[in-house]
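Trainee: So the protein sequences, as listed, match chains A and B.
The first sequence begins at -13 in the numbering used here and counts up by one.
The second sequence begins at -13 in the numbering used here and counts up by one.
Sharing a structure here in structure tokens format.
2 protein chains.
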Amino acid sequence: MLSIGVLARRAATNVQTIRFYELEGLMPPPSRSEGGQRRYTLAHADRLAFIRHARELGFPLTAIRELLTLVDKPDQPCAEVDRVTSDVLADVEAKIIRLESLRGELQRMVRQCRRGRVADCRIVQVLKDHTHSSCLSKEHT
Amino acid sequence: MLSIGVLARRAATNVQTIRFYELEGLMPPPSRSEGGQRRYTLAHADRLAFIRHARELGFPLTAIRELLTLVDKPDQPCAEVDRVTSDVLADVEAKIIRLESLRGELQRMVRQCRRGRVADCRIVQVLKDHTHSSCLSKEHT
DNA sequence: TCTAAATGCTACAGTGACTATAGGTTCAAG
DNA sequence: CTTGAACCTATAGTCACTGTAGCATTTAGA
Chain A
-13 MLSIGVLARR AATNVQTIRF YELEGLMPPP SRSEGGQRRY TLAHADRLAF IRHARELGFP
47 LTAIRELLTL VDKPDQPCAE VDRVTSDVLA DVEAKIIRLE SLRGELQRMV RQCRRGRVAD
107 CRIVQVLKDH THSSCLSKEH T
Chain B
-13 MLSIGVLARR AATNVQTIRF YELEGLMPPP SRSEGGQRRY TLAHADRLAF IRHARELGFP
47 LTAIRELLTL VDKPDQPCAE VDRVTSDVLA DVEAKIIRLE SLRGELQRMV RQCRRGRVAD
107 CRIVQVLKDH THSSCLSKEH T
């Protein structure tokens, strides 16, 4: 039986995150010690590792929730798993496109800055006048 | 004098966002009509355009706050403007690196999926066993 | 001038995925 | 038996908004 602290260290997560996953229904509630502290099994550790790994790959929690129910039905076809993963991939690709465009714009601005006065600064000019630039208006986070 | 709705349409922003910027001290409080509705000048429109453009380029609001105070001192050297912008650029570059690594990992997973049962799915296997992959553990958003 | 639709107002809750804090309790080592 | 680390719950904060409720005001047409 693992305490929450030991489990957290094993998964390189922090303790609050594990409690948060329990609250969100991603981690099943573990048994408790006589004093009410959480006691985890190795099955819990596996599930947490799965969640963390998916998170590191950019899966949002809603997608992970889907994956976890799919993983519990090993004889079903894996088309859904593939779809969820492809969606995450598409999202990552869209973010890359967007960020590359921003990078180009920012590089141009910094390159054109002549380290003079604020009034003459190319960066400020570009920011003031939208028409100088060719930027996408979607979110980039 | 512009109403908040007209200003919002001009800046391709929405009305709540403008009120939010005022609350955050990024937009100066405009004058009000007799009935208490906000009435904006063209100076307000310019400032909003600056904020929105910087946001689109990935500047966080704290950075924009800094830029706005700098822009109000046009005779100062623009080194600070350059630094703020370079910081944003570095952030964008770090995100790209991270996302490219994720993309590679996800592409590999999807490519290796043989559309069989969940139990045999390569995607699920990779997610279950962290050691199969070479991923970075930092945030990517 | 009246009326109805559109627009505006404040205040507050929600988003995602945690992180941090406060104020208390339990556990394990010595 | 004591002490300090680890644990507990509950709540607020992060970022940059977005959405909602329940009103008040403005504006255009009849």
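In this text, a Cβ means the ideal position worked out from N, Cα and C, and glycines have one as well.
Would a check of beta-carbon distances place ILE4 of chain B closer than 7 Å to chain A?
Mentor: Chain A contact via Cβ: absent.
Trainee: I'd like to know if THR71 of chain A contacts chain B, where contact means its C-beta is closer than 7 Å to some C-beta of that chain.
Mentor: With 7 Å as the cut-off, THR71 of chain A counts as an interface residue toward chain B.
Trainee: Cβ of CYS64 of chain B within 7 Å of Cβ of VAL67 of chain A?
Mentor: No.
Trainee: Round the Cβ separation of LEU34 of chain A and THR(-1) of chain A to the nearest angstrom and send it over; I've been treating them as touching at under 8 Å.
Mentor: Correct: roughly 7 Å between the Cβ atoms.
Trainee: Please classify SER(-11) of chain B: does DSSP put it in a helix, a strand, or coil?
Mentor: In this structure, SER(-11) of chain B counts as coil in the three-state DSSP scheme.
Trainee: Report the three-state DSSP secondary structure of SER19 of chain B (helix, strand or coil).
Mentor: The answer is coil: DSSP assigns SER19 of chain B none of H, G, I, E or B.
Trainee: Which whole-angstrom value describes the C-beta separation of LEU113 of chain A and PHE36 of chain B, a residue pair presumed to lie in contact below a C-beta threshold of 8 Å?
Mentor: 6 Å between Cβ atoms; contact.
Trainee: Within a Cβ cutoff of 7 Å, which residues of the same chain sit near VAL99 of chain B, ignoring the five residues on either side of it in sequence?
Mentor: Here residue 99 of chain B is Cys; the residue named in the question, Val, does not match the sequence. Closer than 7 Å at the Cβ level, and outside the excluded window around CYS99 of chain B, lie CYS107, ARG108 and ILE109.
Trainee: If I follow the unbroken alpha helix (DSSP H) through THR48 of chain B, where does it start and stop?
Mentor: First-last of the alpha helix (DSSP H) with THR48 of chain B: 47 to 57.
Trainee: Give me the residue from A:ALA(-3), A:ILE(-10) and A:VAL96 with the minimum Cα distance to VAL74 of chain B.
Mentor: Minimum Cα distance to VAL74 of chain B is reached at A:VAL96.
Trainee: Would you call the region 50 to 59 of chain A and the region 37 to 46 of chain B touching, i.e. three or more CB-CB distances under 8 Å?
Mentor: Counting Cβ pairs under 8 Å, fewer than three are found: no touch.
Trainee: Using Cβ-Cβ distances below 8 Å, what residues of the region 11 to 23 of chain A are close to chain B?
Mentor: Under the 8 Å Cβ criterion, the region 11 to 23 of chain A contributes no residue.
Trainee: Which residue's Cα is closest to the Cα of GLY102 of chain B: A:ILE83, A:SER19, A:ASP61 and A:SER17?
Mentor: Of the listed residues, the one whose Cα sits closest to GLY102 of chain B is A:ASP61.
Trainee: For the alpha helix (DSSP H) that contains VAL74 of chain B, what are its first and last residues?
Mentor: Start and end: 65 to 98.
Trainee: Taking the alpha-carbon positions, what's the ILE4 of chain B to GLY21 of chain B distance?
Mentor: Approximately 19 Å between the Cα atoms of the pair.
Trainee: Does the beta carbon of PRO46 of chain B come closer than 7 Å to any beta carbon on chain A?
Mentor: So no, PRO46 of chain B is outside the interface.
Trainee: Pull up the CB-CB distance for ILE82 of chain A and LEU85 of chain B, whole angstroms please, since I reckon it's below 8 Å.
Mentor: With 8 Å as the limit, ILE82 of chain A and LEU85 of chain B qualify as a contact, their Cβ atoms being about 5 Å apart.
Trainee: Measure the alpha-carbon distance for LEU(-7) of chain A versus TYR26 of chain A and round it to whole angstroms.
Mentor: So the two alpha carbons sit approximately 8 Å from each other.
Trainee: Alpha helix (DSSP H) containing VAL112 of chain A: first to last residue?
Mentor: Counting along the chain, the alpha helix (DSSP H) containing VAL112 of chain A begins and ends at 108 to 114.
Trainee: Drop a sphere of 10 angstroms on the beta-carbon of ASP115 of chain B, count the other beta-carbons inside from all chains shown, and report buried for 16 or more, exposed for fewer.
Mentor: Exposed, because fewer than 16 other Cβ atoms sit within 10 Å of the Cβ of ASP115 of chain B.
Trainee: Where does MET(-13) of chain B land, buried or exposed, given buried means 16+ other C-beta within 10 angstroms?
Mentor: Flag for MET(-13) of chain B reads exposed.
Trainee: Taking 8 Å as the limit between beta carbons, can you name the residues of its chain near ILE(-10) of chain B, skipping five residues before and five after?
Mentor: Correct list, in chain order: VAL1, ILE4, ARG5, GLN23, ARG24 and TYR26.
Trainee: Taking only beta-carbon positions, decide if ALA40 of chain B is within less than 7 Å of chain A.
Mentor: With 7 Å as the cut-off, ALA40 of chain B counts as an interface residue toward chain A.
Trainee: Could you tell me whether the Cβ atoms of ARG89 of chain B and VAL78 of chain A are closer together than 7 Å?
Mentor: In contact: ARG89 of chain B and VAL78 of chain A (Cβ atoms closer than 7 Å).
Trainee: Any idea what DSSP makes of ARG101 of chain A, helix, strand or coil?
Mentor: Reduced to three states, the DSSP call for ARG101 of chain A is coil.
Trainee: Can you grab the Cα-Cα spacing for the pair GLU134 of chain A / ARG38 of chain A, in whole Å?
Mentor: Given a span of -13 to 127 for chain A in the structure shown, any question on residue 134 of chain A remains unanswerable.
Trainee: Whole angstroms is fine: what's the gap from PRO14 of chain A's alpha carbon to ARG(-4) of chain A's?
Mentor: PRO14 of chain A and ARG(-4) of chain A: Cα-Cα distance of roughly 18 Å.
Trainee: Considering only residues of the same chain and omitting the five flanking positions on each side of ILE50 of chain B, which have a CB-CB separation below 6 Å?
Mentor: So the qualifying residues of the chain are ILE37 and ALA40.
Trainee: Short of 8 Å Cβ to Cβ, which residues in the region 81 to 96 of chain B face chain A?
Mentor: Residues LYS81, ILE82, LEU85, GLU86, LEU88, ARG89, GLU91, LEU92, GLN93, MET95 and VAL96.
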